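Residue numbers (our numbering): 1 to 355.
For glycine and all other residues, C-beta sits at the position ideal for the given N, C-alpha and C.
On a predicted model such as this, the values are computed, not experimentally measured, just so you know.
Contents: one structure, followed by commentary.
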Ligand SMILES: Nc1ncnc2c1ncn2[C@@H]1O[C@H](COP(=O)(O)OP(=O)(O)O)[C@@H](O)[C@H]1O
Ligand code: SF4
Ligand SMILES: [Mg+2]
């Protein structure tokens, strides 16, 4: 039995805490799908198709993109809850992608996930306290008495009263239910918390409370977040770095300030133009860059730039060649052949509409 880890604040010096916690390189997750015809080869859904990123300890990487771009599949692969077709996932000193059996079971305490829907992720017949306690029982953390104490601490930490442990999910509001999910995710003292659209199902008024809670817990516990959202406005204030996904690939990756000051990929610019609260974004609906059509299918994706069919500034060569993800400025990566340096500064081929 492992001894109970103290929920105390992390006290590592800043220098030691600043290294990478998670490194994902060239991750592929492909799902074979049988075709209806007898002799036809199975199709392959290329849900994640060569994704690379790092997250420094104690920081947040936001992954943003439309529905179907591969965000959840990336998250599930990092959690080792989805098969990995190819690529490398490193968590601190551990080659997470290669772990199996007991070693993987032990490593699971280091990573936890919070899902979008605070309703369906809770068992309606289980009391809130038992839900939060379950990972401690599963991982056999501490003595039974210590686990009871830990659950009460966790309720306090997420802004619930310890006596609310005895209630069932339907007796809580949506925001409170997401607090229970957060408490459960924190139970094993994880290093990495994957947040998959954690506020998308909540009322606007409640979203800020949950985002503030996540930010406070990150500061107090030194947590590292992989924060997934389809909504630029949600991630603008909470991330340190941002990665924009389109059809299974990252099309732009940058520190938050550099990205929001000047998004470079035409898809990023289009996403930003739809966000009224982002500086330089649209003030009037007429200013929004409207993309035609839906993203193409991840089954047999286009050979060239995957955004070419919808890109307002595409040129003929875009269709034939997949652009690499290049570092156009310090730590600012973009997958577009038309992003150039003009007078030493990166220049976006599609301008943000004037506000
Ligand atoms: N288990 C699966 N089998 C087949 N296709 C899948 C599976 N999971 C996801 N997909 C497909 O992979 C693509 C990416 O899905 P997902 O990662 O859920 O995107 P997002 O979270 O960005 O909305 C979608 O086209 C989806 O239909
Ligand atoms: S490579 Fe071409 S099609 Fe793709 S985003 Fe850049 S300009 Fe648009
Ligand atoms: Mg998703």
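In this structure, residue 67 has its CB closer than 8 Å to one or more heavy atoms of ligand 3.
With fewer than 16 other Cβ atoms inside 10 Å of its own Cβ, residue 163 counts as exposed. Ligand 2 has a heavy atom closer than 8 Å to the beta-carbon of residue 307. Boundaries of the alpha helix (DSSP H) harbouring residue 155: 144-157, taken from the DSSP string. The Cβ-Cβ distance between residue 289 and residue 202 does not fall below 9 Å. For residue 294, the distance from the CB to the nearest heavy atom of ligand 3 is not below 8 Å. Distance from the CA atom of residue 66 to the CA atom of residue 54, rounded to whole angstroms, is 21 Å.
Annotation note: the stretch 83-137 contains the following uninterrupted beta strand (DSSP E) runs of length 3 or greater, listed N- to C-terminal: 86-91 and 111-114. Rounded to the nearest angstrom, the Cβ distance from residue 87 to residue 27 is 4 Å, consistent with a contact under 8 Å. For residue 230, the Cβ falls inside the 8 Å cut-off from some heavy atom of ligand 1. Distance from the CA of residue 227 to the CA of residue 343, rounded to the nearest whole angstrom, comes to 34 Å. Judged by DSSP secondary structure, residue 52 falls within the beta strand (DSSP E) whose first and last residues are 43-56. Inter-residue distance for residue 232 and residue 64 is about 7 Å (C-alpha atoms, whole angstroms).
When distances are taken from the beta-carbon of residue 32 to the heavy atoms of ligand 2, even the shortest one reaches 8 Å or more.
Considering only 244, 32 and 33, the residue with the shortest C-alpha distance to residue 256 is 244. Judged by pairs of C-beta atoms under 8 Å, the stretch 67-81 touches the stretch 37-53, as three or more such pairs exist. With a cut-off of 8 Å on Cβ pairs, the stretch 292-306 is in contact with the stretch 315-327, counting three or more such pairs. At a cut-off of 8 Å, the beta-carbon of residue 47 counts as near ligand 1: some heavy atom of the ligand is closer than that. The Cβ atoms of residue 24 and residue 47 do not sit closer than 9 Å to each other. Judged by the Cβ position, residue 117 fails to qualify as a neighbour of ligand 3 at the 8 Å threshold, every heavy atom of the ligand being at least this far. By a beta-carbon distance limit of 8 Å, residue 331 contacts residue 254. Their separation comes to about 7 Å. Between residue 170 and residue 127, the CB-CB gap reaches or exceeds 9 Å. Taking the CA atoms as reference points, residue 182 sits about 18 Å from residue 61. C-alpha of residue 39 to C-alpha of residue 209: approximately 54 Å in a straight line.
Here DSSP, grouped into helix, strand and coil, assigns residue 253 to strand. With fewer than 16 neighbouring CB atoms inside 10 Å of its own CB, residue 125 falls in the exposed class. Secondary structure at residue 239: coil, using DSSP grouped into helix, strand and coil. Within the stretch 189-236, the beta strand (DSSP E) runs of at least 3 residues that lie entirely inside it are, in chain order, 192-196 and 224-229.
Between ligand 1 and the CB of residue 72, the shortest heavy atom gap is smaller than 8 Å. For residue 63, the enclosing beta strand (DSSP E) begins and ends at 60-64. In this structure, residue 311 lies near residue 266, with their beta-carbon atoms less than 9 Å apart. With respect to residue 96, residue 111 sits close: the two C-beta atoms are nearer than 9 Å. Counting the other Cβ atoms within 10 Å of the Cβ of residue 143 gives fewer than 16, which makes it exposed.
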